[in-house]
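Top to bottom, those sequences are chains D and W. With this note's numbering applied, the first sequence covers 1 to 597. With this note's numbering applied, the second sequence covers 1 to 374. Please read the structure below before turning to the comments.
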Amino acid sequence: MQQDRIRNFAIIAHIDHGKSTLADRILELTGAVSERDMREQLLDSMELERERGITIKAQAVRVSWKGHQLNLIDTPGHVDFTYEVSRSLQACEGALLVVDAAQGIEAQTLANAYLAIDGGLEIVPAANKIDLPQADPDGAAKELGDLLGEEPDRVLRISAKTGVGVDEVLDAIVERIPPPGGDPDAPARALVFDSSYDQYRGVVAFVRVVDGTFSTREPLRAMAQGTEFDAEEIGVMSPARTPIDSLSAGEVGYVITGLKDVSRLRVGDTLTSRRRPADGPLPGYQDVKPMVFAGIFPTDSDDYPELRDALERLKLNDASLSYEPETSQALGFGFRCGFLGLLHMEIVRERLEREFDLDLLITAPNVAYRATTRTGEEVEVHNPAEMPRELEQVEEPYVKASVIVPKDYVGAVMELANERRGTFDHMEYLSEGRVLLLYELPLGEIVLDFYDQLKSRTRGYASFDYDLAGFKPGDLTRVDILVAGEQVDALSLIIHRDFAYDRGRQLVERLREEIPRQMIDVPVQAAIGSRVIARETIKARRKDVLAKCYGGDITRKRKLLEKQKKGKKRMKQVGSVEVPQEAFLAVLNLDSDRKRS
Amino acid sequence: MSGVRHLYVHLPFCAHRCGYCDFVTVVGKGDQHAPYIDALLAELEREGAVLAPDLETVFLGGGTPTVTAPGELERLLRALPDAEEVTVEANPETVTPALAALLRANGVTRVSLGAQSFQPPLLGVLDRRATPEDVRQAVRTLRDTGFDNVSLDLVYGIPGQSGSDLEADLDEALALEPEHLSCYELEAKPGTRFAHAHGEELARQADAMEGYFEQVVDTVTAAGYRWYETANFCLEGARANGRDLRARHNLGYWLGRDYLGAGIGAVSTVGGVRRRNLPSLSRYIGALAHGEAPPREDEPIDAETAARERLLLGLRLDEPVVLADVAGAFDADALARLSDLGMLAVTANGHGDEIRLTWRGRFLGGGVTAELLA
């Protein structure tokens, strides 16, 4: 294919604005998929994605339109996956920016649009869902025009659901988005923008060829890591894997590497041919630093090796996941994992449990802290239980948060932001009724339930996005929890001093409710250093017997005790106390309680 | 195989059904007494080969064995093999001098009376027919007839029962000087009429009633009784005239011995098989009348299961369990932990280590046993 007949584009949108439906319609219209084979959201291949109606992994599909080769790179829509969006965008020359005509611009519309603009992409705006009775295509077009500095007339009016205007979308892609550059005769170079693992064929790299041509069975090298392998198969997704002989400058496709070790090929690396290697790699990706951390432990400690393998596999598909081994006195062997955000954490957990059939316990999430000890040593702390006690200063990550909300809810958003130590930056009216609010907030104040709170206090109208904005010192302190005098490392937390007493008290109260009564009295304490700031006692049980047991009762009694024993195995032993797994999640739910009271 | 020394016979008939009861019972059907006794005797004929020639115990439970037509009851008692201890369960209002004499004349050595409570309102809650005076009268009648081994059943944790109600019940029961006392916490079995009527009230009172078990044990042991099983007490020493007044039949269950059960709903455990007769009266009578085995189901009890049962039953007693007898059934780490917590005591003996629950541990026996099981 001549390079000037290729178009590489992504679809970017706020969640639920119809991105995946549009992708499906494009596949149908270009004949890549017959109507009979059409499944809703064909590109979202993970079970989890289809169930949640969101896209997590980017996908690249080749279709044909009026003599052109279009490579559609689907992108995630959630704030946690901005990183994946920016990776995908790097493989494109243009982006289709989709906005729900009934909703208008939302926070992730802005975030994604800015990413595309910063990446130098040509943006094709489209107002979707014009079939809805409450749709306001003109309003949406005006908002999009204002955002992009374009005439509202240039905004396409479409309905991905009914198919109206989708032809025009494809035409606009061909007309407005430039063909890829790159030198077809130069030594071959391709950017690995995503990868997956095939249990039979090893690592599959998704690549955008920038220069030269790659052929099947060509000896290759990953330039940054130095890993060498042969291209066992080269092909394109259309949308199933379809082998072809070669991929040339400007094209998007996949390379089956045969590599069995997932860590040997990183997303962001540059592939070149060993026959005629390029001089240097393409600009890669910046490593994203995870900002949210949580401990992941197998419920059954025998599953530790399975958990380790599963994380390794997942990491291949999810470059933003990081993990390191962690040992907790309370929870045994596990991993401290770094995530981009809460949804990311949730998705990793669900994938581990579903795809790898693991039963897991996840501690309350916390952010990364930078601590300076009295001796001047600087450490980055990912686990509250590792926060040094003799501290000079602690810095915590902040974010610039943007919230878009109908003007009636501005007060509610401000109230929430104030409760969470937010600093107001500014606000602007996007249209007569809708307001963009900008705040600076400590990330630690939003990782637990900020988004849930925001949604519930604005009746679901608010949209939210954030960008990391560096570290700042804070008056933070470490609160430890002791059960029967033993510190439960998995329950330690780092919190602003102003909230420490309240939170400590809430936590011990919650634990008193969550931990069943034991054979002995069990004190539950919250402490800052050696100072106890809250205490509750779980009174010992006074009786625990089955009154009657005669000849006819023995089987039932035995089964009852065996069931009880099984229940105990799911508990974690802290010293002599059995703590149910739910108790470790108690910290997670405190915030929502705090707001209810 | 011959050698089972414990026989249980189930007599399901009752004058009416008490709301809290979850035993296999049959109300009315007076015309079925004779066919049922025929069926029982037929079942014993079929299954009795496993019995030892010298039985240790026979236990007639119910139902209310003493509402069985006297002629039929007598026919059964005469047909049953002799045993060292022959117990019959009775409701107080059924114990007439004539009945007591019938029992006495037919080899019964021990009577277990379902007193349950001495407070008329609480007896009402339980749907019991006997008045407190019926209980006292029944004990007098049994004594007059020459019975020197009488057991009373009490129930505590009745909806609306206060701590002083319980104290009064215990005092009344102890005043009758029974040789043996069984005290059960009321269990509102989910799905029963009783749970439906009183479940919520019981849940509300759960905290207040938590100390009732302690109150029962403290009061009864202070009166000179031996707390020999979780829910069972007996006179001992001088007051027992040197006799061992534990319920020997039930002790057989708790020591893991084999037993044969006859009648509807009756359970046997013989040679590694637990056999449960199904509860249908008509099918039971019908099958045996046709010379067939009654409808029943079998549950294999392998050696490992048997060891677990020996452990869980043995820990209900005040006598130690020999660890070597329950090898593989317990978790050694849990044993050490529970010992540290003061829940059980390990002692060395001539035949190896033995364990028993401590006084405190016996109140938490269920949880302790669950944890101790491997």
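Using N, Cα and C, we set each Cβ at its ideal position, and we do this for glycine too.
- Within the DSSP secondary-structure output, residue 219/D pairs in a beta bridge with 230/D.
- Under the three-state reduction of DSSP, residue 171/W is assigned to helix.
- Checking the DSSP bridge columns, you'll see residue 237/D partnered with 241/D.
- In the three-state reduction of the DSSP assignment, residue 207/W falls in the coil class.
- Around the beta carbon of residue 273/W, fewer than 16 other beta carbons sit within 10 angstroms, so the residue counts as exposed.
- From the listed residues 365/W, 163/W, 133/W and 263/W, the smallest Cα separation to residue 230/W is found for 365/W.
- A check of alpha carbon separations from residue 204/W across 157/W, 233/W, 28/W and 177/W identifies 157/W as the nearest.
- Residues of the region 561-577 of chain D that bring their beta carbon within less than 7 Å of a beta carbon in chain W comprise 561, 562, 564, 565, 568 and 576, in sequence order.
- Excluding sequence positions up to five before and after residue 95/W, its CB lies within less than 6 Å of the CB of 138 and 141, all in the same chain and listed in chain order.
- Proximity of chain W to residue 555/D at the Cβ level (cut-off 7 Å) is accounted for by 274 and 299, in chain order.
- Residue 192/W sits away from residue 149/W, with the two beta carbons spaced by 8 Å or more.
- Taking 7 Å as the upper bound on Cβ-Cβ separation, chain D lies near residues 8 of the region 7-25 of chain W.
- In the three-state scheme derived from DSSP, where H, G and I count as helix and E and B as strand, residue 345/D is classed as helix.
- With its beta carbon less than 8 Å from one in chain D, residue 267/W belongs to the interface.
- The DSSP assignment places no complete run of the alpha helix (DSSP H) inside the region 507-534 of chain D (cut-off: 4 residues).
- When C-beta atoms of the region 262-274 of chain D are compared with those of the region 183-197 of chain D, three or more pairs fall below 8 Å, so the two segments count as touching.
- For residue 490/D, the closest alpha carbon among the candidates 499/D, 480/D, 505/D and 496/D is that of 480/D.
- In terms of beta-carbon proximity, residue 313/W lines the interface with chain D, with at least one pair separated by less than 8 Å.
- With a cutoff of 8 Å on beta-carbon distance, residue 41/W and residue 66/W are scored as not near each other.
- Boundaries of the beta strand (DSSP E) harbouring residue 369/D: 369-373, taken from the DSSP string.
- It is roughly 14 Å from the alpha-carbon of residue 13/D to the alpha-carbon of residue 155/D.
- Under DSSP, residue 427/D takes part in a beta bridge, and its partners are 437/D.
- Within the region 306-332 of chain W, 308, 309, 312, 313 and 316 place their CB atoms closer than 8 Å to a CB of chain D, listed in sequence order.
- Of the residues assessed, residue 402/D falls on the buried side of the cut-off, its CB having 16 or more other CB atoms within 10 angstroms.
- Per DSSP, reduced to three states, the secondary structure at residue 197/D is strand.
- Under the Cβ criterion (8 Å, minimum of three pairs), the region 104-121 of chain D counts as touching the region 13-28 of chain D.
- Remark: C-beta atoms of residue 26/D and residue 72/D approach each other more closely than 8 Å.
- At a beta-carbon threshold of 7 Å, the residues of chain W lying near residue 520/D are 341, ordered along the chain.
- Only residues of its own chain outside the window of five on either side were considered, and among them 315, 343, 344, 365 and 368 have a CB closer than 7 Å to the CB of residue 357/W, listed in chain order.
- Listed along chain D is no residue with a C-beta nearer than 9 Å to that of residue 66/W; the closest approach is about 19 Å.
- 541, 542, 543, 544, 545, 546, 547, 548, 549, 550, 551, 552, 554 and 555: these are the residues of the region 529-555 of chain D whose beta carbon lies less than 7 Å from some beta carbon of chain W, given in chain order.
- Along the region 225-300 of chain W, the alpha helix (DSSP H) occurs as fully enclosed runs of 4 or more residues at 248-254 and 281-289, listed in sequence order.
- With respect to the C-alpha of residue 334/D, the residue from 355/D, 309/D, 346/D and 318/D having the closest C-alpha is 309/D.
- A direct Cα-Cα distance of roughly 19 Å separates residue 50/W from residue 86/W.
- In this structure, the CA atom of residue 361/D is about 25 Å from the CA atom of residue 519/D.
- When DSSP reads this structure, residue 270/D sits in a beta bridge with 191/D.
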